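Down below is the structure, laid out as structure tokens.
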Amino acid sequence: MGHRGEKAPLLLLLLLFASCHGRIVKVPAGPLIRVEGTKVAIPCNVSQYDGPSEQNFDWEFSTNPTQDNKFLHVVSTWDPTFMSQEYEDRVNRKEITLKRNSNDAVELVIHSIRPTDQGMYRCTTPSTDAVFWGNYNAKVEVKVIADGLTVSGSKGRSMSTRNLSEGDPFQLPCSASTNSSEHTHLHVSWEFKNDLAWQEILSLTHEGKFQPGPEYNERYIIGEVRLDAMANDVYRLSVSQALPTDEGAYRCRVSEWVKGADGSWQKIQEKSADVANVVVQPTALGVFITSTNVSVTERDSLDLTCNFTTDRSGIFQTKVTWYFSESPDGTMGEAQVLLSADRDSVISDSTLIGLSHVDRSSYHLLVRDVGIEDSGYYFCQAALWVPQHNGTWHKIAERTSVPVSVEVLALEPSYNVFLNASKMPKYSEDPTELECKITEAQNTEANVRFTVSWYYRLPTRSDEVVKDELLATMDADWTLVVGDRSKQRAQNGEIIFFKPTVNTFRLRIQWTSEGDKGNYYCVISSWSRQRNNSWIRIKDVASMPVSILWSTQGPVFNVSVHSDSPTVYRGELVTLDCIITIEGTPLNPDDMSFNVSWFALRSFTMDKDSVFLASFSRKGIVTLARRNGSSDVSLERISSLEFRLRVHGCEDQDFGNHYCLVTPWVRSVAGVWQQEPEIRSKPVLVTVKMDVLNAFKYPLLIGIGLATFIGLLSCLIGYCSSRWCCKKEVQETRRERRRLMSMEMD
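By numbering that gives the first Met the number 0, the letter at position 459 of the sequence shown is numbered 458, and the numbering carries on one by one without gaps.
In structure tokens, the structure reads:
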């Protein structure tokens, strides 16, 4: 039991891996029901596979789905000789093709399916996986049914021509039926074409829903266009009134649908029948305004006449509506309705606009006491209505006149504007006062008032275009709107805008700062009161600019680089200090800040490109360049005027001339930060030396140690060899001890 408990998690893991990573070949869920003679496309795709991205596919067919060994080869993506003999002619004639949609998806296309094509189709993908896992083929059944769909016009007749007058109703019948052996639904659509592409009018879908085309949606909603399912499989299109745009060809398009195994609807075939050609004789209706371009002076009356002509005889009534638009190409939805007279000649009321019925074909518009807001485009619209047999009225024609341009000339006043500096500052913190005055005013009636707008322009010595900044402006009701530049100072009382007299406006700066230097001008706007007590600006006159300048000394910044030990050995620390000095006007440390950047030139001379090392922004953000060696740099702010660069673990590549680049920022009295010119220090040469003793210390110690070890090892080997390996037994020869006899005794 212990072994089984250990194998169960492993088996579960393998099953999970197979379900998530095994090859999957998919085809649609069957059976696929198709109609004889139609084009059939059967898709097949593979996923979760290994190997090359482009996969190959084999298609096979069997008339007996239960016998897998009876499959015939149809076509393949990689083997042109894959097909069986039964399919060679059809594949060569392109009656059966294989369409590749992507690297992992293809479609088997049968351009005209036959009853003998009914059976089981198998899609197989050759293995390119490292491990045989998943499914490598999938099968789908295809059923081929006979064509039982018939579609025709009225009683099977060919297309007929219907001549109609504009506004007449008409109906068009279409007969559609099927005797399919399967449970199918019909989708009936009526379509229309007038020298363009066919467009859908109204459809009864296979799900029993009515679906109007985009161009007929509104007419379907109001009931002008209907589709009625009649007896004997007749589907009738009914149009309550013919319009000139309804002239053209009409056809009935019917498709047959079947529900697939997955519950989705599939279209299996489609047929259409031309029903009728409709000719609509439009009702002639012309609408025009007798006047063309009209100019009228403010406070006068505007008089326009709308006329219409028609060839319609008999009983009809007319509805006339007058419109106003600010643009000539404005839509009816954007236009403003002025007045209208309905079919019973009832005119809507208005105190300043009148509409009178001169005769049956003329309507007179009168606008009293016109104002500037009445300038624009006027047009009228006429609609003809005729009675129906059920007592209701039916609109048969509607036309709109060409817009007439109407310009209302304002009673424009005449005046000049003069700006002068009543108080000019000599030093910073002095007051400044500008006076904008209206002079030589004429034609200023009681319904005209003046407002002022103050502008500032930064002085420049170049031809660069500088945008004017709005300091303050007045609305028509004399409400002051302060611009962003002066809003805070105006709230603090540092800038004052006031109007001492009817024709005079003043701007006062209590304490003028460096940021206030520049050019100032004013614009006087004249406003005219309209009938609805609103005000319209009719004229703007600008003054000549006045310059506010005075001579001052600003501070001068200098920068230098200092190092106590610019010559170091490899691996040591070098310290460089960037020191900023100020000449002239002393500044508060809180009123100045600096952007400091460090650079190096890897040369004794200054003829090479600088290499960026690091930077310290005025907001305290440190940026370090990417380094390739083992040395590193760090930045430190020593004081408000001193910045330090450290290079840790110096290497040969840290050699070179080092300098700092400083951009000062100074805050003016008004609190505005201004950027000063960039300054650069003189370079300091950093030299990196090599420590010979330290460089050879470790190799020397290693060499001595190795030599000593090898000598001792040699001695030990010699001793051992002489002691044990070369030892021999030596037998001493016993010598007899005899005394020598003297010669004499011999």
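From the three backbone atoms N, C-alpha and C, an ideal C-beta is built for every residue, glycine too.
This one's a predicted model, so the numbers in the text were calculated from it and none came from an experiment.
Per-residue burial, residue i [other beta carbons within 10 Å of its own, 16 or more giving buried]
i: residue 368; result: exposed
i: residue 549; result: exposed
i: residue 556; result: buried
i: residue 582; result: exposed
i: residue 452; result: buried
i: residue 268; result: buried
i: residue 255; result: buried
i: residue 60; result: buried
i: residue 182; result: exposed
i: residue 462; result: With a pLDDT of only 48 at residue 462, under 50, the local geometry of the prediction cannot be trusted, and no value is derived from it.
i: residue 209; result: exposed
i: residue 499; result: exposed
i: residue 620; result: exposed
i: residue 359; result: exposed
i: residue 718; result: exposed
i: residue 714; result: exposed
i: residue 431; result: buried
i: residue 701; result: exposed
i: residue 563; result: exposed
i: residue 424; result: buried
The beta strand (DSSP E) enclosing residue i, as first and last residue numbers
i: residue 358; result: 352-358
i: residue 113; result: Counting along the chain, residue 113 falls outside any beta strand (DSSP E), and DSSP gives it neither H nor E.
i: residue 630; result: Taken as a continuous stretch (DSSP letters only), residue 630 belongs to no beta strand (DSSP E), as it is neither H nor E.
i: residue 546; result: 545-547
i: residue 591; result: 591-600
i: residue 229; result: 224-229
i: residue 346; result: Counting along the chain, residue 346 falls outside any beta strand (DSSP E), and DSSP gives it neither H nor E.
i: residue 302; result: 301-309
i: residue 473; result: 468-473
i: residue 450; result: 447-456
i: residue 234; result: 233-238
7 Å CB neighbourhood of residue i in its chain, flanking five on each side removed
i: residue 290; result: 303 and 403
i: residue 628; result: 650 and 652
i: residue 264; result: 205, 256 and 258
i: residue 571; result: 649
i: residue 631; result: 647 and 648
i: residue 199; result: 188, 190 and 212
i: residue 386; result: 314 and 392
i: residue 446; result: 527 and 528
i: residue 429; result: 511
Same chain only: Cβ atoms within 8 Å of residue i, ignoring 5 sequence neighbours per side
i: residue 83; result: 71, 72 and 73
i: residue 147; result: 177, 178, 179 and 180
i: residue 288; result: 303, 304, 305, 306, 377, 378, 379, 400, 401 and 403
Residue range of the alpha helix (DSSP H) that includes residue i
i: residue 162; result: Element bounds for residue 162: not the alpha helix (DSSP H) but the beta strand (DSSP E), 159-164.
i: residue 91; result: 87-91
i: residue 804; result: Given that the chain is displayed from residue 0 to residue 745, the structure contains no residue 804 and the question cannot be resolved.
i: residue 414; result: From DSSP, residue 414 is part of no alpha helix (DSSP H) but of the beta strand (DSSP E) over 413-422.
i: residue 216; result: 216-220
Inter-residue CB distance, residue i and residue j (contact presumed, cutoff 8 Å)
i: residue 309; j: residue 383; result: 6 Å
i: residue 45; j: residue 23; result: 7 Å
i: residue 657; j: residue 613; result: 11 Å between Cβ atoms; not a contact.
i: residue 586; j: residue 665; result: 7 Å
i: residue 667; j: residue 512; result: 5 Å
i: residue 169; j: residue 241; result: 6 Å
i: residue 749; j: residue 634; result: The structure shown does not extend to residue 749, since the chain is modelled only from 0 to 745, so the question has no answer here.
i: residue 603; j: residue 636; result: Wrong, their Cβ atoms sit about 30 Å apart, outside the cutoff.
i: residue 114; j: residue 139; result: Actually they are not in contact, since the Cβ atoms of residue 114 and residue 139 sit about 18 Å apart, beyond 8 Å.
Same chain, Cβ closer than 6 Å to residue i, five either side skipped, listed in chain order
i: residue 42; result: 106
i: residue 192; result: 247 and 248
i: residue 475; result: 526 and 534
i: residue 318; result: 341, 342 and 382
i: residue 747; result: Residue 747 lies beyond the range of the chain shown here (0 to 745); nothing can be said about it.
i: residue 174; result: 151, 232 and 233
i: residue 363; result: 304, 355 and 357
Nearest to residue i (by Cα), restricted to the options the options
i: residue 506; options: 322, 683, 218 and 422; result: 422
i: residue 237; options: 224, 102, 167 and 409; result: 224
i: residue 282; options: 374, 163, 171 and 296; result: 163
i: residue 150; options: 166, 273 and 195; result: 273
i: residue 381; options: 371, 342, 374 and 373; result: 342
i: residue 292; options: 277, 325, 226 and 405; result: 405
i: residue 122; options: 57, 566 and 161; result: 57
Residue i at chain C interface by Cβ criterion, 9 Å
i: residue 333; result: Protein chains in the displayed structure number just one, and chain C is not present.
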